[in-house]
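Asks:
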Amino acid sequence: MIARFEWGLQGVEALSPRAGVIVIVDVLSFSTAVGVAVARGAEIAPFPYGDLAAAEFEAARIGAVAAYPRKAAGGQLSLSPASLAKLNPGARVLLPSPNGSRLSLATGGTPTLCGALRNAGAVARAAAQIADGRDIAVIAAGERWPDGSLRPAIEDLLGAGAILSALPAGIDLSAEARLAADAFRSTRPHLAETIRDCLSGRELIDRNYGDDVEIALELDASDIVPRLLDGLYRVWSPSAAASRSTSRT
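As numbered in our numbering, residues 80 to 328 make up the sequence shown, in order.
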């Protein structure tokens with residue numbers, strides 16, 4: 080079993096054919112938002128960022144509440160993790176995102192998890208179990224430049240590195256995965272300062288979303304693993320997975 084690391088949509092396309100599981104990492108803020116919501120017992124439907132009317136139509140179709148762009152937030156649900164922290168169990172939210180949602184919807188039939196700093200250790204353990212001997216693909220979402228091209232994002236490199244460094248012993252890392260894991264280990268003593276000062280962190284803090292950055296920085300604060308099933312991120316249960324495996328034998 081080998082754990083591999085790549086960036087963006089092209090990374091998903093390159094690694095998915097050989098992967099037993101794909102982990103999408105978009106620390107600021109899709110992955111953190113999904114983790115917060117799913118920990119509340121909610122379900123999250125990823126939706127590509129774009130037409131608000133289309134998002135509202137899709138939300139109505141699946142019985143969900145459509146979240147709004149963070150810039151429009153005024154107490155309503157949005158990509159801001161803080162806005163999702165009081166969801167009721169059973170709530171279903173359609174969450175538009177230009178990066179994390181888009182990648183989540185591109186993984187096809189490959190088992191897909193949503194990982195961040197907050198649940199890095201739990202996601203690493205789940206990925207190793209779900210992969211069942213096949214490759215683990217950890218994908219950093221990154222951001223996009225105005226022309227649509229990928230802008231690598233420090234926070235996603237470090238989030239991916241946190242997951243890769245927490246994988247159980249015996250799993251080999253590709254050269255790219257080793258570099259991401261090493262980046263996390265070397266940065267861990269000053270992780271908070273680094274992410275607050277990176278471009279994405281400064282953008283959110285300057286727009287008065289500093290609380291979202293602080294939530295994202297809570298390393299291993301959660302043991303909840305969101306898994307994409309039937310188009311919805313839900314809590315993954317290792318005991319349920321084991322019982323399904325047993326029932327097939």
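The beta carbon of each residue, even a glycine, is placed where N, CA and C say it ideally should be.
This one's a predicted model, so the numbers in the text were calculated from it and none came from an experiment.
Residues in the same chain with beta-carbon distance under 8 Å from A98, minus the five sequence neighbours each way, listed in chain order, please.
Replies: If you number the sequence shown from 1, residue 98 lands on position 19. Closer than 8 Å at the Cβ level, and outside the excluded window around A98, lie R83, T189, A210, R213, D214, I215 and A216.
Asks: Hey, could you find the ends of the alpha helix (DSSP H) I22 is sitting in?
Replies: Only positions 80 to 328 of the chain appear in this structure, which leaves residue 22 out of reach.
Asks: Taking buried to mean at least 16 other C-beta atoms within 10 Å of its own C-beta, is W224 buried or exposed?
Replies: Stepping through the sequence shown from its first residue, residue 224 is reached at position 145. It is exposed - the Cβ of W224 has fewer than 16 other Cβ atoms within 10 Å.
Asks: Tell me whether the beta-carbon of V102 lies closer than 8 Å to the beta-carbon of L192.
Replies: As a working mapping, residue 102 is identified with position 23 in the sequence shown. As a working mapping, residue 192 is identified with position 113 in the sequence shown. Result yes, Cβ atoms of V102 and L192 sit closer than 8 Å.
Asks: Using 8 Å for Cβ pairs, my map puts V172 next to I141. What's the rounded Cβ distance?
Replies: Working through the sequence shown from its first residue, we reach residue 172 at position 93. Working through the sequence shown from its first residue, we reach residue 141 at position 62. The Cβ separation is near 10 Å, so there is no contact.
Asks: If distances are taken between C-alpha atoms only, which option among K165, A185 and A161 comes closest to I294?
Replies: Numbered from 1 along the sequence shown, position 215 holds the residue referred to as residue 294. Out of K165, A185 and A161, A161 has the C-alpha closest to the C-alpha of I294.
Asks: Under the assumption that S110 contacts G179 (Cβ atoms under 8 Å), give the Cβ distance between them as a whole number of angstroms.
Replies: Here residue 110 corresponds to residue number 31 of the sequence shown, with the count starting at 1. Here residue 179 corresponds to residue number 100 of the sequence shown, with the count starting at 1. With a Cβ gap of about 6 Å, S110 and G179 count as contacting.
Asks: Going by C-alpha to C-alpha distance, which of S301, Y147, A219 and A205 sits closest to A73?
Replies: Residue numbering for the chain in the displayed model covers 80 to 328; residue 73 lies beyond these limits and cannot be assessed.
Asks: Decide if G87 is buried, meaning its Cβ has at least 16 other Cβ atoms within 10 Å, or exposed.
Replies: Here residue 87 corresponds to residue number 8 of the sequence shown, with the count starting at 1. Buried, since its Cβ has 16 or more Cβ neighbours within 10 Å.
Asks: Between S326 and A133, what straight-line distance do the alpha-carbon atoms span, to the nearest angstrom?
Replies: As a position in the sequence shown, residue 326 is number 247, starting the count at 1. As a position in the sequence shown, residue 133 is number 54, starting the count at 1. Interpretation of S326 is limited by its pLDDT of 31, a score under 50 that renders its predicted location unreliable; no figure is taken from the coordinates.
Asks: Helix, strand or coil for R286, going by three-state DSSP, please let me know.
Replies: Within the sequence shown, numbered from 1, the residue matching residue 286 stands at position 207. Of the three classes helix, strand and coil, the one that applies to R286 here is coil, per DSSP.
Asks: Please state the DSSP three-state secondary structure of L94.
Replies: Counting from one through the sequence shown, the residue named residue 94 turns up at place 15. L94: helix per DSSP, three-state reduction.
Asks: If you pair each beta-carbon of the segment 233-242 with each one of the segment 268-284, do three or more pairs fall below 8 Å?
Replies: Segments in contact, yes.
Asks: How close, in whole Å, do the beta carbons of L184 and L158 come, if the pair is a contact with beta carbons under 8 Å?
Replies: Here residue 184 corresponds to residue number 105 of the sequence shown, with the count starting at 1. Here residue 158 corresponds to residue number 79 of the sequence shown, with the count starting at 1. Wrong, their Cβ atoms sit about 16 Å apart, outside the cutoff.
Asks: Can you give the Cα-Cα distance for L308 and D276, rounded to whole angstroms?
Replies: Start at 1 with the first residue of the sequence shown, and residue 308 comes out as number 229. Start at 1 with the first residue of the sequence shown, and residue 276 comes out as number 197. Annotation: L308 to D276 spans about 35 Å, alpha carbon to alpha carbon.
Asks: Out of E85, R281, A232 and P127, which one is the CA nearest neighbour of G310?
Replies: Here residue 310 refers to the residue found at position 231 when the sequence shown is read from its first residue. Closest option to G310, Cα to Cα, is P127.
Asks: Whole-angstrom Cβ separation of I303 and N198, contact assumed at under 8 Å?
Replies: Locating residue 303 in the sequence shown gives position 224, where the first residue counts as 1. Locating residue 198 in the sequence shown gives position 119, where the first residue counts as 1. About 6 Å separates the two Cβ atoms, so the contact holds.
Asks: In whole angstroms, what separates the C-alpha of A203 from that of A139?
Replies: Reading the sequence shown from its first residue, position 124 is the one you call residue 203. Reading the sequence shown from its first residue, position 60 is the one you call residue 139. A203 and A139: Cα-Cα distance of roughly 34 Å.
Asks: What alpha helix (DSSP H) runs, 4 residues minimum, are completely inside the segment 150-188?
Replies: Taking 4 residues as the minimum length, the alpha helix (DSSP H) runs contained wholly in the segment 150-188 are 179-183, in order along the chain.
Asks: Quick check on the DSSP output: the alpha helix (DSSP H) that includes A254 runs from which residue to which?
Replies: Here residue 254 refers to the residue found at position 175 when the sequence shown is read from its first residue. Looking at the DSSP string, the run of the alpha helix (DSSP H) that includes A254 is A254 to T266.
Asks: Determine, using beta carbons only, whether G221 and A232 come nearer to each other than 8 Å.
Replies: By one-based count along the sequence shown, residue 221 stands at place 142. By one-based count along the sequence shown, residue 232 stands at place 153. Yes. Within cutoff.
Asks: Is P305 buried or exposed, if buried means 16 or more other CB atoms sit within 10 Å of its CB?
Replies: One-based indexing of the sequence shown puts residue 305 at position 226. By the 10 Å Cβ count, P305 comes out buried.
Asks: Might you give, ordered along the chain, the residues of its own chain that have their beta carbon closer than 7 Å to the beta carbon of G114, omitting 5 neighbours on each side?
Replies: The count along the sequence shown starts at 1 and reaches residue 114 at position 35. Once the five neighbours on either side are set aside, the close Cβ partners of G114 are C193, A195, R197, N198, S301, I303 and P305.
Asks: Can you give me the C-alpha to C-alpha distance between V91 and N167, rounded to a whole angstrom?
Replies: Counting from 1 along the sequence shown, the entry for residue 91 is found at position 12. Counting from 1 along the sequence shown, the entry for residue 167 is found at position 88. Distance between the alpha carbons of V91 and N167: 32 Å.
Asks: What first and last residue would you give for the alpha helix (DSSP H) that runs through L270?
Replies: Numbered from 1 along the sequence shown, position 191 holds the residue referred to as residue 270. Membership of L270 in the alpha helix (DSSP H) is indicated by the continuous run L270 to D276.
Asks: How big is the Cα-Cα spacing for S322 and S316?
Replies: Your numbering for residue 322 matches position 243 in the sequence shown. Your numbering for residue 316 matches position 237 in the sequence shown. With a pLDDT of only 40 at S322, under 50, the local geometry of the prediction cannot be trusted, and the value read off the model is given with reservation. The alpha-carbon atoms of S322 and S316 are separated by roughly 10 Å.
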